[in-house]
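Okay, so here's the structure we're looking at.
There are 2 protein chains.
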Amino acid sequence: MSLMKSWVASANTADTPFPLNNLPYGVFSTDDSDPHCGVAIGDMILDVTALEEAGVIKIDEVPVFDLPMWNEFMDMGAEVWTGFRDSLQELLGADADADTQAALKGYLVAQADAEMHMPFAVSEYTDFYAGKNHAVNVGTMFRGAENALPPNWLHIPIGYNGRASSVVVSGTDVRRPWGQLKAPDAQMPSFDPCKRFDLELEMGAIVGQPSDGPITVGEADANIFGYVLLNDWSARDIQAWEYQPLGPFQAKATATTISPWIVPAIALEPFRTTTPEREKELLPYLAEPKPGLFDIDLEVTLAPEGKAETTIARTNYAQMYYSAAQQLAHHTTSGCAMNVGDLLGSGTISGPTKPERGSLLELSWGGKEPLTLDTGETRTFLEDGDTLTLKGAAKGNGYQIGFGDCAGTVLPALTDPFKR
Amino acid sequence: MSLMKSWVASANTADTPFPLNNLPYGVFSTDDSDPHCGVAIGDMILDVTALEEAGVIKIDEVPVFDLPMWNEFMDMGAEVWTGFRDSLQELLGADADADTQAALKGYLVAQADAEMHMPFAVSEYTDFYAGKNHAVNVGTMFRGAENALPPNWLHIPIGYNGRASSVVVSGTDVRRPWGQLKAPDAQMPSFDPCKRFDLELEMGAIVGQPSDGPITVGEADANIFGYVLLNDWSARDIQAWEYQPLGPFQAKATATTISPWIVPAIALEPFRTTTPEREKELLPYLAEPKPGLFDIDLEVTLAPEGKAETTIARTNYAQMYYSAAQQLAHHTTSGCAMNVGDLLGSGTISGPTKPERGSLLELSWGGKEPLTLDTGETRTFLEDGDTLTLKGAAKGNGYQIGFGDCAGTVLPALTDPFKR
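See the structure below:
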């Protein structure tokens, strides 16, 4: 697959994240408009809510883009997803006639003039733990190298239910949380601001079709609408004290940042790649009918307040042991109903070497090996004022598919958390 | 507090669960109507959706009861909750004049003619583990008597995020789940129907007002709209294999049954009782400004298919170590936003003696001590066709406050879970 040409000139460069091949879904506002639906093309946004209002595009008898979220569109199913995408590629393609181009130009808004909002309403949020390097690193730190991987890990895409209300769009500041903490040598716990605040580099898969009972990996794959970058902000000291025996709770509830653009699953098709060789044979219900991962380069940058950013990690989504389709299929085994707008976090994505690790917990090895930034400063965990940014791109022949930055700045903890 | 008299005669008995003192919120349908809002009084339901349509009651400029859920009403806040309740007590009270009675009679529907539905849309569902006898019992079975309680248990109301899509109303059949299982002595896991399907006797607290940062226990208490009975169906064999290190996931996702009526928190005020003496001093953020529990008698019955029911457990909500208000306050510590319709499960409620245990796991001590039913049959875990019913009543002076039964029947597992 190579670059598909558009009459929107900025969409035709090798380094735009938003060529005609991508057409990701977002929600934006301008000085003159409330949040509504748009599709990114080059450095512009096509205002699909306005296009629908004007009757230029029509998805259904009733409006689909009248709410500031893509949920209604997702709900309509894969045929509608494909049909809409096909027509946008025709309307925005280099071969579109002059009348079409003239008609659409009035519906293009510069991304520079737009503010981005949550692209969809999160129904429920599940976070997985399906990157093997991450699981081995964390397990080694907590339980020693011999017991690094829990016995179930090579058989189950381990996941836990997260908090949908924690999910925010890129650019939302993240307040350092308070929580119940206890240092290993302390007699009693205390209620204090988190001292070990961390990021987790993940991808998020968005469920676009409901299911009401166990589904196969193939069915699960077809139900995934698109992908976002996802930062699962984590309070390591809260987590260490609270997580036994029922898992992380308040440690993961402060914020979960996603990128502003949902990249359609179909735009990632050319980048499909297999999950790694299985170390233990998987049960048949987890068998993959086709390669389940995607070759997406990922990186994390950290910028101290008012200073330049340093890339602190580079890795690839292909480092996952389980695909999103496998995770979704496992999620349904008990009969668990899945709904439009459910969000599945992949789990932290770490490569095999140190500069490929997707969390500060791993990069600083539990705080023991501080990281030196390009500014000369060091970091074990996040400091107030730090801006964390996740970036991702699937790289094709002369083009790439991007998600927009997934960024957040750490604000200092409140002096008194009960007085706002 | 004693029985408040109503002109609806069936509401004036000592054993009706729905006297004028209660007035719980539900959603019902009849042969002639779609699901809509109603309030229980004696053996009748007051059709508040129809009353609002007819202009007899008015909460707001726009309709509040036009959707089959109480979320919009909850959203309006405690003053509206109290005002509405006061006016219903006036309209339905024994002192109401003849015109009022005549006008309202046409809006009373016999409960016998109504089908009950989910009384509210569950925003997110969190399940706690805050009953000490249950935690000690389970901990003893899994880790031995010395390590029964995890080190954090006496300091934190331990909870985990559950699956909102699993919540169903009483009367919904529950299909025995498939899942990934591994017997301790097996080499490899298998994908099979659950063999150790269980109930958990709990109370559910419903969040009626949003919060967006840490709140105190007092503020949390004021945000709780009402209470339901809750059965947290649990697949023990799935749970045992999956729950380390991130907690229960598919084991708890098959179904969570709630009673059809939301009992207003204010109706339970006369039954307030203190949490037990603290074994470790709690951190100040968990301090209770007033008694946080309620004296509510609870019982569980089990009826094999086509046979009479046996009461298998009797206990009281006052057995909890942490109150719902403490749980909600803890839930917000990290800055976690809470929303209208969030549901908090108390955790399994077990008393100190064997007949007071709220799960078969405890009653049969992990399957080692089968329970004998009144029919002569025995049970370790649930069998297909079993109907489980939770019942609850706060008992006052000549009256009681009930929730309606919280029941579900276990259907056999599907032969092939991927073919429905």
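Residue numbers (my numbering), protein chains in the order written: chain H, 136 to 555; chain Z, 136 to 555. Built from N, CA and C at the ideal position, the CB exists for glycine as well. Here the structure is a predicted model, which is why all the values come from computation and not from measurement.
- When the five nearest sequence neighbours on each side are left out, the beta carbons in the same chain lying within less than 6 angstroms of the beta carbon of F163(H) are those of G173, I180, A249 and M251, in order along the chain.
- The DSSP-derived three-state label of M179(H) is strand.
- The beta carbon of T351(H) sits closer than 8 angstroms to some beta carbon of chain Z.
- G274(Z) carries a helical assignment under DSSP once its states are collapsed to helix, strand and coil.
- Chain-ordered, the chain H residues with CB closer than 8 angstroms to the CB of N474(Z) read S300.
- Within the region 306-321 of chain H, the residues whose Cβ lies closer than 7 angstroms to some Cβ of chain Z are R310, P312, W313, G314 and Q315, listed in chain order.
- Within chain H, not a single residue places a beta-carbon under 8 angstroms from that of N358(Z); the smallest gap is close to 14 angstroms.
- Residue environment for V197(Z): exposed (fewer than 16 other C-beta atoms within 10 angstroms of its C-beta).
- Cβ proximity to chain H below 7 angstroms picks out E259 and Y264 from the region 258-280 of chain Z.
- Within the region 393-407 of chain Z, no residue has its Cβ closer than 9 angstroms to any Cβ of chain H.
- Collapsing the DSSP output to three states places G382(H) in coil.
- Residues of the region 469-502 of chain Z whose Cβ lies closer than 9 angstroms to any Cβ of chain H, in chain order: S469, G470, C471, A472, M473, N474 and D477.
- D182(Z) and N157(Z) have their alpha carbons spaced roughly 16 angstroms apart.
- Across the set T275(Z), F384(Z) and F153(Z), the C-alpha of F384(Z) shows the shortest separation from the C-alpha of G314(Z).
- The beta carbon of Q461(H) does not come within 8 angstroms of any beta carbon belonging to chain Z, so the residue lies off that interface.
- With a cutoff of 8 angstroms on beta-carbon distance, P159(H) and I397(H) are scored as near each other.
- Counting C-beta pairs closer than 8 angstroms gives three or more between the region 254-261 of chain Z and the region 200-210 of chain Z, which meets the contact rule.
- In this structure, L463(Z) and F429(Z) do not form a Cβ contact; the two beta carbons are roughly 15 angstroms apart against a cut-off of 8 angstroms.
- Collapsing the DSSP output to three states places A321(Z) in coil.
- Every beta strand (DSSP E) stretch that sits fully inside the region 147-194 of chain H and reaches 3 residues is listed by chain position as 160-165, 168-176 and 179-182.
- N532(Z) sits in a strand when the DSSP states are folded into three classes.
- Two segments are said to touch when three or more pairs of C-beta atoms, one from each, lie closer than 8 angstroms; by this definition the region 525-532 of chain Z touches the region 412-432 of chain Z.
- Taking 8 angstroms as the CB threshold, G177(Z) stays off the interface with chain H.
- Within the region 418-452 of chain Z, the complete beta strand (DSSP E) segments of 3 residues or longer fall at 432-438 and 445-451, listed in chain order.
- By the neighbour-count definition (other C-beta atoms within 10 Å, threshold 16), G177(H) is a buried residue.
- Boundaries of the alpha helix (DSSP H) around I373(H): R371 to E377.
- Counting only runs that start and end inside the region 322-356 of chain Z, the beta strand (DSSP E) elements of at least 3 residues fall at 325-328 and 336-342.
- In the DSSP annotation of this structure, G539(Z) is not part of any alpha helix (DSSP H), being labelled neither H nor E.
- Bounds of the beta strand (DSSP E) holding F360(H) are I359 to D367.
- Annotation note: the region 238-294 of chain H contains the following uninterrupted beta strand (DSSP E) runs of length 3 or greater, listed N- to C-terminal: 243-245, 250-252 and 260-263.
- Inter-segment contact for the region 226-245 of chain Z and the region 408-427 of chain Z is absent: fewer than three beta-carbon pairs are separated by less than 8 angstroms.
- Runs of the beta strand (DSSP E) lying entirely within the region 197-246 of chain H, each at least 3 residues long, are 243-245 in chain order.
- If you check the CB distance, G361(Z) and G470(Z) do not come in under 8 angstroms.
- Interface annotation, Y242(Z): not in contact with chain H, CB-CB separation never under 8 angstroms.
- Only buried fits Q454(Z), as 16 or more other CB atoms lie within 10 angstroms of its CB.
- Sixteen is the threshold: since fewer than 16 other Cβ atoms of the shown chains lie within 10 Å of the Cβ of K503(H), the residue is exposed.
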